[in-house]
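Participant:
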Amino acid sequence: MPRLARTESSKLFSRARRVLPGGVDSPVRAFGAVGGEPPFIERARGARIRDVDGRTYIDYVMSWGPLIHGHAPAGLTRALRSAVGRGASFGAPTAQEVELGRLVCRLIPSVERVRFVNSGTEATMSAIRVARAATTRDRIIKFAGCYHGHGDAFLVQAGSGATTLGVPTSPGVARATAADTLIADYNDLDSVTRLCRAHRESVAAIIVEPIAGNMGVVPPADGFLEGLRELCDRDGIVLIFDEVISGFRAARGGAQAVYGVRPDLTCLGKIIGGGLPVGAYGGRADLMARVAPAGPVYQAGTLSGNPLAMTAGIWALSNLSAPLYRRLAALGRRLADGLSAAARAAGVPLTVNAAGSVLTPFFNAGPVNGYASATASDTAAYAAFFRGMLRRGIYPPPSQFEGWFLSAAHTGQDVDRTIRAASQSLKALRAGDA
Ligand code: KE4
């Protein structure tokens, strides 16, 4: 049997593993949960990515959410080309930070003041620090399966890559730190009420993804977010919405605009930077007034608010329009309905949860409404389905517990081609030859 020539991606992956842990800079990219080796991407445009071996794919990872306008939109490229000639970073105030800050406060009314950082992780780490300072309490409540970045306080029953790789509670997190992180069940208000009662006067914050995206997509049950708001008002707890995924994705005003629940602090990322590294936290003026140098809560960052990233964020947020969200929602419904129909025709149990332009097909008879039901999904079936889609030129997230993202660049034809590929992959799965 002649040896297959090694692909350029495979050669790169071998070299990568000699210098980068696992060959990647973020665990989920290594395909550990779906088998095989990851293609190394050389370039992208619109809804398509191309790997170093010249293969192109319709992309549903979209850099894990930031690229609501698609890859390399012409306007963004022009804006960055113009900005880069004026310098990448000054470590000094710039007009661009003010412009993006005003945009964020206008789009998300609960955000009266905002601080830019460089990642969603920095945003959530900083938000709980503000909450602890404001309440002089130490404990936080998070939800099993929700992911808020890799800050120590959050790597307790975390979702996303932590769940994907089967390490929802990471080694290296100090026991004392983990002890201050209390775990409730998403969409289960009683589990939160019990923790608040048991730890009365010691809970500083409840942090929640208002639309969960890191156990796969799980929308909030009716009354869940309202119930958290009431609990926080009753017990003097800071309510933090981690809208790193849902911010500017669920609607221009984020999930809080969709559900009409006003958090005290909001964490943002992904779309806010248009693909460049930007995170942000913000909210009530009285809370944010505690952040240095206005107040004593220290938080800083060399590249925070740098003019290149701000330029990308300004372009990304300035080009969010009502017609864009209507079109994305229609595409999301078309893809969700098509995947469900393909699974029914193939006789494969599948539950598709969708929230506008982000969705997850769970290999699970359903319903999927929390961490327990999400993690009961057949991850081996997802892995086989994933490999079938990749072979057919579709690039979904390499994990059952992530969202599939649509963008302004995806077309109805892209979605129909994706559904055809899914139908073939599901039939092959059912026949046992995926
Ligand atoms: P970053 O530090 O990765 O910018 O943001 C952390 C974060 C915070 N909050 C939510 C709700 C998030 O989804 C994330 C990061 N999302 C994951 C994927 N779901 C990033 C992908 C990765 O880890 O490679």
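Just so we're aligned, residue 1 is where the sequence shown starts under my numbering, counting upward by one. Note that beta-carbon positions come from the ideal geometry of N, C-alpha and C, so glycine has one too.
(1) Quick one: residues in its chain with C-beta nearer than 6 angstroms to the C-beta of Leu335, no 5 flanking neighbours on either side, listed in chain order?
(2) Does DSSP put Thr311 in a helix, in a strand, or in coil?
(3) Does the distance between the C-beta of Arg137 and the nearest non-hydrogen atom of the ligand KE4 fall short of 7 angstroms?
(4) Considering Gly279, what are the terminal residues of the beta strand (DSSP E) in which it resides?
(5) Taking only the alpha-carbon atoms, compute the straight-line gap between Asp180 and Ala153 and give it to the nearest angstrom.
(6) Consider the C-beta atom of Asn438 and the heavy atoms of the ligand KE4; say whether any pair is separated by less than 7 angstroms.
(7) Using DSSP with H/G/I as helix, E/B as strand and the rest coil, what is Asp152?
(8) Can you list, in chain order, every residue whose CB sits closer than 6 angstroms to a heavy atom of the ligand KE4?
(9) Evaluate the contact criterion for the region 284-293 versus the region 74-89: three or more CB pairs, one atom per stretch, below 8 angstroms.
(10) For Ala30, which residues in the same chain have their Cβ closer than 7 angstroms to its Cβ, ignoring the five residues on either side in sequence?
(11) Would you call the region 129-149 and the region 379-389 touching, i.e. three or more CB-CB distances under 8 angstroms?
(12) Going by DSSP, name the residue or residues bridged to Lys142.
(13) Please state whether DSSP places Phe405 in a helix, a strand or coil.
(14) CB-CB under 8 angstroms to Thr124, same chain, minus the five flanking residues each way: which ones, in chain order?
(15) Put Ile394 into one of helix, strand or coil per three-state DSSP.
(16) Counting only the same chain and skipping the five closest in sequence on each side, list residues whose C-beta sits under 6 angstroms from that of Arg94.
(17) Starting from Leu350 and walking both ways along the alpha helix (DSSP H), at which residues does that stretch end?
(18) Report all residues from its chain with a CB closer than 7 angstroms to the CB of Gly32; omit the five preceding and five following residues, and keep chain order.
(19) Quick check: the Cα distance between Val3 and Arg43, rounded to an integer number of angstroms?
(20) Kindly indicate the opening and closing residues of the beta strand (DSSP E) around Val61.
(21) In the DSSP output, which residue or residues are listed as bridge partners for Arg50?
(22) Count the other CB atoms within 10 Å of the CB of Val167; is the residue buried (16 or more) or exposed (fewer)?
(23) Can you find the residues in the same chain that come closer than 7 angstroms, C-beta to C-beta, to Asp185, ignoring five residues on each side of it along the sequence?
(24) Assuming Leu443 is part of the alpha helix (DSSP H), what are its boundary residues?
(25) How would you write the range of the beta strand (DSSP E) that Ile240 sits in, first residue to last?
(26) Do you know how far the Cα of Phe363 is from the Cα of Ser377?
(27) Determine the extent of the beta strand (DSSP E) in which Thr360 is found, giving its start and end residues.
(28) With distances taken between CB atoms, is the gap from Trp404 to Leu359 smaller than 8 angstroms?
(29) Compute the Euclidean distance between the alpha carbons of Gly253 and Leu320, then round it to the nearest angstrom.
(30) Taking the continuous alpha helix (DSSP H) assigned at Ile419, which residues delimit it?
(31) Taking the C-alpha atoms as reference points, what is the distance between Tyr298 and Ala205?
(32) Between Leu426, Phe401, Ala300, which lies nearest to Ser119 when the distance is taken from Cα to Cα?
(33) For Thr193, report the span of its alpha helix (DSSP H) as first-last.
(34) Since Ile272 sits in a beta bridge, which residues does DSSP pair it with?
(35) Hey, quick one: how far does the alpha helix (DSSP H) through Val261 stretch, first residue to last?
Facilitator: On the basis of the data shown:
(1) Val415
(2) helix
(3) Arg137: no, Cβ never under 7 angstroms from the ligand KE4.
(4) Counting along the chain, Gly279 sits inside the beta strand (DSSP E) bounded by residues 279-283.
(5) Each residue's alpha carbon lies about 8 angstroms from the other.
(6) Here the chain comprises residues numbered 1 to 434, so residue 438 is not present and cannot be evaluated.
(7) helix
(8) Any residue whose Cβ sits closer than 6 angstroms to a heavy atom of the ligand KE4 makes the list: Ser26, Val28, Trp64, Ser119, Gly120, Thr121, Thr124, Tyr147, His148, Gly149, Ser160, Gly161, Glu209, Gly213, Asn214, Asp242, Val244, Ile245, Gly269, Gly279, Glu402.
(9) In short, these stretches do not touch, since the Cβ pair count stays below three.
(10) Hits under 7 angstroms: Gly22, Gly23, Val24, Pro38.
(11) no
(12) As DSSP reads the structure, Lys142 sits in a beta bridge with Ile183.
(13) Residue state, collapsed to three classes: strand.
(14) His148, Gly149, Gly151, Phe154, Ile207, Ile240, Asp242, Val244, Cys267, Tyr281
(15) strand
(16) Going by the sequence as given, residue 94 is Thr instead of Arg. If we look at Thr94 and ignore the five residues flanking it on each side, its Cβ neighbours are Pro307.
(17) No alpha helix (DSSP H) contains Leu350, which DSSP labels as neither H nor E.
(18) Leu165
(19) Note that residue 3 is Arg in the sequence shown here, rather than Val. Between Arg3 and Arg43, the C-alpha separation is close to 28 angstroms.
(20) No beta strand (DSSP E) contains Val61, which DSSP labels as neither H nor E.
(21) Arg43, Thr56
(22) exposed
(23) So the qualifying residues of the chain are Phe143, Ala144, Ser191, Gly370, Tyr371.
(24) With the chain represented from 1 up to 434, any question about residue 443 goes unanswered, as that position is not in the structure.
(25) 238-242
(26) 5 angstroms
(27) 358-362
(28) yes
(29) 10 angstroms
(30) Annotation for Ile419: the continuous alpha helix (DSSP H) segment containing it runs 412-431.
(31) 18 angstroms
(32) Ala300
(33) Annotation: the continuous alpha helix (DSSP H) that includes Thr193 extends over 189-198.
(34) Answer is none; Ile272 lacks a bridge partner.
(35) Careful: Val261 lies outside any alpha helix (DSSP H) and carries neither H nor E.
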